[in-house]
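Q: One structure coming up, written as structure tokens, with questions to follow.
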Amino acid sequence: MKLISAIIKPFKLDDVREAISEIGVEGLTVSEVKGFGRQKGHTELYRGAEYQVDFLPKVKLEVAVNDDVVERLVETITKSAYTGKIGDGKIFVYNLEQAVRIRTGENDVEAL
Amino acid sequence: MKLISAIIKPFKLDDVREAISEIGVEGLTVSEVKGFGRQKGHTELYRGAEYQVDFLPKVKLEVAVNDDVVERLVETITKSAYTGKIGDGKIFVYNLEQAVRIRTGENDVEAL
Amino acid sequence: MKLISAIIKPFKLDDVREAISEIGVEGLTVSEVKGFGRQKGHTELYRGAEYQVDFLPKVKLEVAVNDDVVERLVETITKSAYTGKIGDGKIFVYNLEQAVRIRTGENDVEAL
Amino acid sequence: MEQNIFHLQYAMDTFYFLVCGALVMWMAAGFSMLEAGLVRAKNTTEILTKNVALYAISCMMYLACGYEIMYGGGFFLSGIETVDADAVLKSFAEREDGFTGGAIYSAASDFFFQVVFVATAMSIVSGAVAERMKLWAFLAFTVVLTAFIYPMEGSWTWGGNAVFGMFTLGDLGFSDFAGSGIVHMAGASAALAGVLLLGARKGKYTADGRVNAIPGSNLPLATLGTFILWMGWFGFNGGSVLKLGDIGNSHSVAMVFLNTNAAAAGGAVAALILAKVLFKKADLTMALNGALAGLVAITAEPSTPTALQATLFGAIGGIIVVLSIVSLDKLKIDDPVGAISVHGVVGLFGLLLVPVTNDGASFSGQLIGAATIFTWVFVTSFVVWYVLKVTMGIRVTEEEEYEGVDKSDCGMEAYPEFTNG
Amino acid sequence: MEQNIFHLQYAMDTFYFLVCGALVMWMAAGFSMLEAGLVRAKNTTEILTKNVALYAISCMMYLACGYEIMYGGGFFLSGIETVDADAVLKSFAEREDGFTGGAIYSAASDFFFQVVFVATAMSIVSGAVAERMKLWAFLAFTVVLTAFIYPMEGSWTWGGNAVFGMFTLGDLGFSDFAGSGIVHMAGASAALAGVLLLGARKGKYTADGRVNAIPGSNLPLATLGTFILWMGWFGFNGGSVLKLGDIGNSHSVAMVFLNTNAAAAGGAVAALILAKVLFKKADLTMALNGALAGLVAITAEPSTPTALQATLFGAIGGIIVVLSIVSLDKLKIDDPVGAISVHGVVGLFGLLLVPVTNDGASFSGQLIGAATIFTWVFVTSFVVWYVLKVTMGIRVTEEEEYEGVDKSDCGMEAYPEFTNG
Amino acid sequence: MEQNIFHLQYAMDTFYFLVCGALVMWMAAGFSMLEAGLVRAKNTTEILTKNVALYAISCMMYLACGYEIMYGGGFFLSGIETVDADAVLKSFAEREDGFTGGAIYSAASDFFFQVVFVATAMSIVSGAVAERMKLWAFLAFTVVLTAFIYPMEGSWTWGGNAVFGMFTLGDLGFSDFAGSGIVHMAGASAALAGVLLLGARKGKYTADGRVNAIPGSNLPLATLGTFILWMGWFGFNGGSVLKLGDIGNSHSVAMVFLNTNAAAAGGAVAALILAKVLFKKADLTMALNGALAGLVAITAEPSTPTALQATLFGAIGGIIVVLSIVSLDKLKIDDPVGAISVHGVVGLFGLLLVPVTNDGASFSGQLIGAATIFTWVFVTSFVVWYVLKVTMGIRVTEEEEYEGVDKSDCGMEAYPEFTNG
Ligand SMILES: Nc1ncnc2c1ncn2[C@@H]1O[C@H](COP(=O)(O)OP(=O)(O)O)[C@@H](O)[C@H]1O
Ligand SMILES: Nc1ncnc2c1ncn2[C@@H]1O[C@H](COP(=O)(O)OP(=O)(O)O)[C@@H](O)[C@H]1O
Ligand SMILES: Nc1ncnc2c1ncn2[C@@H]1O[C@H](COP(=O)(O)OP(=O)(O)O)[C@@H](O)[C@H]1O
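Those sequence lines, one after another, are chains L, S, P, W, Y and D. Per the working numbering, the very first residue in the first sequence carries number 964; after that it's consecutive. Per the working numbering, the very first residue in the second sequence carries number 964; after that it's consecutive. Per the working numbering, the very first residue in the third sequence carries number 964; after that it's consecutive. Per the working numbering, the very first residue in the fourth sequence carries number 34; after that it's consecutive. Per the working numbering, the very first residue in the fifth sequence carries number 34; after that it's consecutive. Per the working numbering, the very first residue in the sixth sequence carries number 34; after that it's consecutive.
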């Protein structure tokens, strides 16, 4: 099993979620994060003084899937989160050693 | 070492934290996340118009532990986070290659 | 590639980000978390009644880097996040199997 | 030409009532903000809904029958819409108490001023039962309290009727200028009955007897609410002089404004200092409750104390309220906003202060009056709450309470974008 | 000595206008809070900026020329700063309608009272076009509406001028006491024109015809705003009696206060119950809109109905507003705060109610008046919005709308620490 | 019968003071909300506590001795509670300036109106020293300013006493109608002394000389606060005519309301436009400060300017305030809410404007008056702050400042559920 973690632009969340559902992935977990990268923050003015916003709002998706889905999932996310502008984000893939569904105690693939 | 990540229902957080403490685990990190899974969101009404809430509030726990604790910890979380109703959440286990305690520079098992 | 995840004190975030930039790491992702550990929470009073604050605010940094940078990065974070007081936090290192830059489709090291 | 003077006095006194009434109406906003600030975010929409609805229902029920019961003002205020200027002028000309006697003014302005008091009494209840009571059960209770329970005790006190034909409180030396007892303690009595039947919020008291604090979610709102109440109280007490239009009465109105303000100031400072001494922190919510306690303490008699006395009375009220809040918590009487302490305990204290500066009142009269009001309101409220409890139920389910009543009762979050709701 | 009575009556009526005017000015805060509470967090700074600026601009433009157009009060109010007390006393002494006739009072107080009405009309617009209209286009429109469009229709109604020299509305039996039509429906007409040219917020209506709710971000603010408006409305309607200083008129003012309050109460309760029946939830925002609808409904004639009638009129207004909000959504007319329903639809309803209790008005007169106001304001507004659209543009870009207009227009977040903005 | 007219005039003027006083009291809520909106979330409870406490303390100290020092009104207002109606009637009958002369009204209403001015002066300080000053040091300063520093300068200006027996400001042509200098600039002078001793907030100015913005956490609150102040200012300036009860004076009150409103409008629009030009954004906080600057600018003389002049004076005030805020930041004088600019710089400007429209005032008199007020308040305040600094300390520790003073001083978060606190 793998854990796919994707950092994307917030307004792309719904598109990505729908695209993922279409390829049969049923669960995911989302959190609000702030990103720092090539896409630079911007300078805001408040009462005449400058004020640097370094971190940009991003959304992090985490999806645990079976190995055979990984490739398709990465592709799907890449497509659906794409805008072509700087700051579109990253996808990271980790190895997942074990998974448990709390409600049933099911393990690994059955748990996803 | 392993990193146990558990996505649970928010109101179970205190129960889980206490259960974990009881088996001797002393540290953990918590974040607020939103989950999407079999437990479906619900439709709310606002001024007569519908409004779909897709994502449900969940809490993510991250606990780094030594290998020998993993089994007991997974079991403990499974039990203490259990309600039996859909949406109870998942536990994921990853391999942890290194750990450092910033304050002391201690490494790995000593850092936990 | 490795994924370095560091849990630090919030007010150290800017120092750490700057130190990291200086050693050439260009991207990172930050999230707000709450921590539980040896640094105990405190008791607050509200209208004469006590009220236990168990979780302390922390910030989690995630940085994906090439293997050769890991050591220096861990060291840099350890130094820049250091205050010497309890609760300074932890650094965890995971293996990262794949990385994709959504905007370009670039893979792995090029994606970072 | 003399008639023109009567015209002006009538107009002036009418306007005075209307301005004071508008200020008291504004207190509805004060209670809403105070309560919204002191509950958790997940129960905010519901407490707002309760406050808007209770104000509206109070106005409707008091208009329908409350005013008739309390003052004989007619069901649905029938006839209030017309005035016969000539008849009014005649009653001016023929009055025996002279120009400086009792006021003659528009009955409509009197109703407007009176109706907002009912809403105040009811507002006190909503705070005490917050975060766990069913919305519609609360609104059902609102109908009964504002249509019947409050007007009945109002008829015995300000209305001057004998209590069930037995005794007349005024004759016994009972005096309550603007309603420390008649409005505030009455509201708190109804609240207490509700709280006893309702029980504490889940998690407020632990099995082993500890008290868990449940912090309010928005202290700027609570502070705003307190300032609104403070301002509105000038109308509440100031209007209760019942006449503006001559030297003596207008001076009296001015003293009432002055003393009302002084008492609130005294209460805020005393509560802040006591909280600092007891808890080592400058507890804002206690300072707010202290200001309100000062206001309640002076309400039973704001016209006779000197400015210094008013400050002291308010300060004692501020001390009482801090001690009372801590004590009620020890008794496991869970009152999220401190309403029972502020309006009930200090309301009683306010009644007992009257004889200190007003010779027309006696301690025994005050005690009998307080007992009458408390007994009537507490018992009837208890019965009504009880009937509601066994019929429709008064408490939300545990799960609804955990999720917050905003979702279950209103289907709407107060701050949907801010909390991980 | 008789002169002294005139002095007092003049002073009293002047003060009455000033107090009522201050209450109406306070409605500017009410609209700001209501609208800030009902938009999303990311558009809050901008709606606040709009509200502060529109109030200020209204005051400047009405002072510059609006008052002159509407009542012939002089460009820049020239000469208003002086009063000739002797001349005033003479006009008192020589008046034919006597002491209980029309009021004589300071022209400055009249302007102060009138100017806040302009701002009210304009405030209605800002809510309806919220979350997507460019700030500076909105402010440009504000200049035109408050300097010209509103004063013109005001001159035909309250000003008594003939409509383009053709017909005089008053002669046809048109009557609008405090402005259900002249202020509220007029504002809503301008808003409707803007909304039609502007289109709905992105994401409000899906391609397949569904309506997506976009919840307001801060319901305590929306509730506070409603209470402020409720309070301010006492000045709005109460001041519109235009005289306090005799028995008949002051009684009339009192009835207006009473009925205004009763109508709001009726509207809030009716809307709350209807929403519960239709949606199974106690919808706070509908209760708030219901209270406002009750207020708008009674505004065209708050002095003649009985208290019971006022309650009923308000309640019907509350029902209408719920149905109207749902219907406008079906028509894909996107109005984030319900302004067109509350002020437009119910404003018309209020106009049509007048003949029920006021013999001086006729249904045909009301219809002609409503049609005149609507046609004038809608058409001129449409033209102005259209010109703005093709010149500077009235709508922000899609990206700005997604990011929130706070960033693009104001460069400042309303709650920078609370949202993941 | 003549006496009845006196009764009415007395009542009317008393009521006028009370209504205006209640509006000024309401400004306490305005300052609280403005400041709570412009600080960071972590310092909100403390600023609210400061505001509630400073208002209460001001009322207590001015009652205890301030009013005696300033106007000789008696320690603890002794004797104010009684009125001898016959004596009052006699003084009416025997007055030489006649019916349209100076007002005769309740001393209690005078105190009520005066006391809220003290609190206003003190409110100005709390904003400037926000986010870093110790709560209890601030409250200690409050005691001294309201009991002594302000009453002393008040006695030289409105009280008419000679400055240390040397010269009398009134004789030199100094005039300050409602307190641009006596209240606003005085408050700002005390604030400036405090800020200089206190230093800037950590992180406001970088080592290399850059200015870091620290955005306010809740702009709807700041906007609400501004509207409250705007409304309350009608009482502040309007009540300062000191008499309502004849044609000339009531007209004057009306002009004051009109001009106060016009100046605020001018200030808001001018500041908004200038900020747009300078910063390319519609800066809401500048528009709010601009409105307040307009109000401060007109306060020294709101009765003599024409409406157009008032608008222009306000607009210049709005421009000055924007430039002043930016300049003070360059000087590293850290004022989180802009209080020193709004009340100090524009307060001085307001004083200097008086001779433009009021022949009774001279430029030299205004300058001497301004210098006297500033020197006295600044120097005494500096001494008091300095004594506090070396005894109890006036600044929280670095760690407390980082964590927020809510935790260290109040032990309570303002929004515990909303921030990652
Ligand atoms: N090395 C990294 N480790 C973790 N997160 C990163 C890393 N580099 C970038 N990110 C995340 O990805 C986001 C987008 O990256 P950025 O460099 O701005 O643009 P792009 O994805 O177009 O190259 C960043 O805001 C950050 O959240
Ligand atoms: N494949 C997945 N990857 C990551 N998180 C998941 C995955 N599936 C479920 N989750 C998380 O677990 C939560 C519970 O899952 P759900 O399917 O609703 O119920 P259950 O745990 O009872 O099967 C979800 O809300 C989501 O946060
Ligand atoms: N075993 C663990 N797994 C995950 N996070 C941990 C663990 N132990 C500590 N942490 C995180 O590190 C933070 C600091 O740890 P703590 O024990 O308080 O102090 P120190 O880092 O000085 O030893 C905690 O607040 C928590 O967020």
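The beta-carbon is built from N, C-alpha and C at its ideal position, and this holds for glycine as well.
(1) Give me, in chain order, the residues of the same chain whose beta-carbon lies closer than 6 Å to that of Trp409 of chain D; leave out the 5 immediate sequence neighbours on both sides.
(2) Residue ranges of each alpha helix (DSSP H) run of no fewer than 4 residues wholly in the segment 208-237 of chain W, ordered along the chain?
(3) So what's Phe382 of chain Y in DSSP terms, helix, strand or just coil?
(4) Verify the contact flag: Thr992 of chain P, CB atom, against every heavy atom of ligand 1, threshold strictly below 7 Å.
(5) Thinking Cys92 of chain Y and Ala324 of chain D are a contact (beta carbons under 8 Å), I'd like their distance in whole angstroms, please.
(6) Could you check what DSSP says for Glu1060 of chain L in three-state terms: helix, strand or coil?
(7) Run through the DSSP bridge pairs and tell me what Ile970 of chain S is partnered with.
(8) Is there a Cβ of chain P sitting closer than 8 Å to that of Phe157 of chain W, yes or no?
(9) Per DSSP, which residues does Met166 of chain Y bridge with? Please list them.
(10) Near Ser273 of chain D, what residues of its chain come up, given a Cβ to Cβ distance below 7 Å and the 5 sequence neighbours on each side ignored?
(11) Within the chosen definition, does the segment 1049-1056 of chain P reach the segment 98-107 of chain W through at least 3 CB pairs nearer than 8 Å?
(12) Please look up how many angstroms separate the CB atoms of Ala298 of chain Y and Gly347 of chain Y, rounded, as I've assumed it's under 8 Å.
(13) Taking only three categories from DSSP, how would you classify Lys440 of chain D?
(14) Three or more C-beta pairs under 8 Å: does that hold for the segment 412-422 of chain D against the segment 361-374 of chain D?
(15) Could you please give me the residues that DSSP links to Ser994 of chain S through a beta bridge?
(16) From the DSSP output, read off the bridge partner residues of Asn1083 of chain S.
(17) From the beta carbon of Phe451 of chain D, is the nearest beta carbon of chain L less than 8 Å away?
(18) Indicate whether Phe1018 of chain L and Gly990 of chain P have their beta-carbon atoms separated by less than 8 Å.
(19) If you draw a straight line from the alpha carbon of Gln147 of chain D to that of Ile970 of chain P, how long is it in whole angstroms?
(20) Restricting to Cα atoms, I'd like to know which of W:Ala326, W:Met425, W:Ala301, W:Ala152 is closest to Ala61 of chain W.
(21) If the cut is a Cβ gap below 7 Å, which residues of chain W does Glu1007 of chain S touch?
(22) Measure the C-alpha to C-alpha separation of Ile261 of chain W and Leu230 of chain Y and round it to an integer number of angstroms.
(23) Can you pull the chain Y neighbours of Ile182 of chain W, defined as C-beta to C-beta under 7 Å?
(24) Measure the C-alpha to C-alpha separation of Val1022 of chain S and Glu981 of chain S and round it to an integer number of angstroms.
(25) Could you tell me whether the segment 380-389 of chain W touches the segment 189-200 of chain W, where touching means 3 or more Cβ pairs closer than 8 Å?
(26) Pairs of beta-carbons, one from the segment 37-45 of chain Y and one from the segment 203-223 of chain Y, closer than 8 Å: are there three or more?
(27) CB of Val1026 of chain L to nearest heavy atom of ligand 2: below 7 Å?
(28) Determine whether the Cβ of Asn455 of chain D lies closer than 8 Å to any Cβ atom of chain Y.
(29) Are Val988 of chain L and Leu976 of chain L closer than 8 Å when you measure CB to CB?
(30) Using only CA atoms, which one of D:Val429, D:Glu450, D:Glu446 lies nearest to Leu168 of chain D?
(31) Alpha carbon to alpha carbon, how far is Ile967 of chain L from Val1026 of chain L?
(32) Closer than 8 Å, CB to CB, is Met425 of chain Y near chain W or not?
(33) Anyone know if the C-beta pair for Trp59 of chain Y and Met264 of chain D falls short of 8 Å?
(34) Taking only three categories from DSSP, how would you classify Asn245 of chain W?
(35) Given a threshold of 16 other Cβ atoms within 10 Å of its Cβ, counted over all protein chains shown, does Thr424 of chain D qualify as buried or as exposed?
(36) Would the segment 438-445 of chain Y count as touching the segment 77-87 of chain Y if we require 3 or more Cβ pairs under 8 Å?
A: Let me spell this out:
(1) Glu186
(2) 219-231
(3) helix
(4) Yes - ligand 1 has a heavy atom lying nearer than 7 Å to the Cβ of Thr992 of chain P.
(5) Not confirmed; about 11 Å, so no contact.
(6) coil
(7) S:Lys1023, S:Lys1053
(8) Per the sequence shown, the amino acid found at residue 157 of chain W is Ile instead of Phe. Judged by the 8 Å Cβ criterion, Ile157 of chain W is not in contact with chain P.
(9) Y:Arg428
(10) Closer than 7 Å at Cβ, skipping near neighbours: Phe210, Ala211.
(11) no
(12) 7 Å
(13) In the three-state reduction of the DSSP assignment, Lys440 of chain D falls in the helix class, which pools H, G and I.
(14) No, the segment 412-422 of chain D is not in contact with the segment 361-374 of chain D.
(15) S:Lys1023
(16) Because chain S here runs from 964 to 1075, residue 1083 of chain S falls outside it and cannot be looked at.
(17) no
(18) no
(19) Rounded to whole angstroms, Gln147 of chain D to Ile970 of chain P spans 56 Å at the Cα level.
(20) Of the listed residues, the one whose Cα sits closest to Ala61 of chain W is W:Ala152.
(21) Chain W residues near Glu1007 of chain S: Gly444.
(22) 41 Å
(23) Residues of chain Y passing the Cβ test: none, with the nearest at roughly 19 Å.
(24) 15 Å
(25) no
(26) no
(27) yes
(28) Because residue 455 of chain D is not part of the residues shown, which for chain D are 34 to 454, the question remains open.
(29) no
(30) With distances taken between Cα atoms, Leu168 of chain D lies closest to D:Val429.
(31) 5 Å
(32) no
(33) yes
(34) strand
(35) exposed
(36) yes
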